[in-house]
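Residue numbers (the numbering used here): 61 to 292.
We put the beta carbon where it would ideally sit given N, CA and C, even for glycine.
Notes follow once the structure below has been shown.
In structure tokens:
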């Protein structure tokens with residue numbers, strides 16, 4: 061039986077890895093050092109840009125066909141997106157305030173950023189759980205794999221090349237082997253060759269060797285694909 065394409069779990073695992081890593085960076089940052097804190101604030105702005113893009117993809121590309129198949133299913137989640145945007149704006153406000161301060165004053169205000177970020181990720185983690193409990197099963201039960209593949213391709217095309225690479229670097233290492241093998245197979249079957257080749261290149265780079273070798277064994281045609289990519 062063909063495994064249904066999952067529009068939510070892989071990207072959500074990427075987001076969890078991203079926001080966990082960012083939380084660790086936040087706690088370790090010495091905000092009395094303008095160089096160190098500026099580096100982190102730039103990173104955090106980038107993270108917020110990625111999360112805003114993800115929410116836009118869900119609102120504009122992923123939710124509409126699911127809502128059409130099951131009217132009313134996306135309403136509460138869309139409201140949560142609006143609330144999440146307010147939290148993002150609060151984070152950006154704190155970032156802007158910190159950027160205006162010197163090292164000593166910035167350090168004394170850094171706890172405000174820590175609390176605001178913690179509030180945000182607490183909401184965001186719960187929100188992703190709700191999506192996986194509601195719209196994920198509905199998408200698998202009501203949409204065909206061709207329809208799901210078409211939605212995923214629209215997201216891939218709408219993502220700027222640099223950002224798509226960034227998402228892959230977070231997503232691929234975050235997936236377990238039972239998620240990785242069908243993901244490579246599904247992308248090969250439904251995505252343009254350029255996208256698939258990009259996924260293979262980045263996968264070989266960011267997935268640990270033990271899991272990558274398992275992928276090569278279980279997705280046998282990937283060995284030939286990798287060879288052809290290297291020759292290209």
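Within the same chain, show all residues whose beta-carbon is closer than 8 Å to that of residue i, passing over the 5 residues directly before and after it, in chain order.
i           : result
residue 266 : 228, 229, 232 and 233
residue 126 : 133, 134, 195, 198, 199, 202 and 203
residue 161 : 169
residue 275 : 237, 240, 241, 244, 263, 267 and 282
residue 219 : 113, 117 and 227
Enumerate in chain order the residues of its own chain whose CB-to-CB distance from residue i is below 7 Å, with the five nearest sequence positions on each side excluded.
i           : result
residue 279 : 241, 244 and 245
residue 50  : What is shown of the chain runs 61 to 292, which leaves residue 50 out entirely.
residue 140 : 187
residue 150 : 176
residue 119 : 138 and 141
residue 181 : 79 and 83
residue 251 : 213 and 216
residue 63  : 242
residue 50  : The chain is shown from 61 up to 292; residue 50 falls before or after that span and cannot be answered.
residue 121 : 211, 214, 215 and 218
Can you tell me the Cα-Cα spacing of residue i and residue j, whole angstroms?
i           : j           : result
residue 272 : residue 256 : 16 Å
residue 153 : residue 114 : 20 Å
residue 69  : residue 192 : 7 Å
residue 179 : residue 92  : 23 Å
residue 111 : residue 75  : 8 Å
residue 236 : residue 259 : 16 Å
residue 146 : residue 268 : 37 Å
residue 123 : residue 136 : 12 Å
residue 171 : residue 163 : 14 Å
residue 253 : residue 277 : 21 Å
residue 98  : residue 72  : 27 Å
residue 128 : residue 106 : 33 Å
residue 292 : residue 117 : For residue 292, the predicted structure reports a pLDDT of 49, less than 50, and the residue's modelled location is therefore unreliable. A value from the coordinates is still provided. Each residue's alpha carbon lies about 32 Å from the other.
residue 183 : residue 189 : 10 Å
residue 167 : residue 144 : 26 Å
residue 81  : residue 130 : 35 Å
residue 222 : residue 165 : 35 Å
residue 96  : residue 185 : 27 Å
residue 270 : residue 67  : 26 Å
Given the structure, does residue i come close to the ligand NAD, in the sense that its CB is under 6 Å from one of the ligand's heavy atoms?
i           : result
residue 231 : With respect to small molecules bound, the structure shown includes none, and the ligand NAD cannot be examined in it.
Which residues in the same chain as residue i place their Cβ atom closer than 6 Å to its Cβ, once the five residues preceding and following it in sequence are excluded?
i           : result
residue 248 : 256
residue 173 : 154
residue 94  : 163
residue 148 : 108
residue 77  : 230 and 234
Nearest chain D C-beta to residue i closer than 7 Å, yes or no?
i           : result
residue 108 : Checking the listed chains, one finds no chain D in this structure; it contains a single protein chain.
Using 8 Å as the Cβ pair cut-off and three pairs as the minimum, do the segment 96-103 and the segment 195-205 touch?
-> The answer is no - the segment 195-205 does not touch the segment 96-103, with fewer than three Cβ pairs under 8 Å.
Does the pairing of the segment 80-89 with the segment 151-158 give three or more beta-carbon distances under 8 Å?
-> No contact exists between the segment 80-89 and the segment 151-158.
In chain order, which continuous runs of the beta strand (DSSP E) of length 3 or greater are located wholly inside the segment 80-135?
-> Runs of the beta strand (DSSP E) inside the segment 80-135: none found.
Along the chain, which unbroken stretches of the alpha helix (DSSP H) at least 4 residues long are found entirely within the segment 147-231?
-> Fully enclosed alpha helix (DSSP H) runs of 4 or longer: 163-193, 195-202 and 205-218.
Segments assigned alpha helix (DSSP H), at least 4 residues, entirely inside the segment 243-279 | You should have 253-266 and 269-278.
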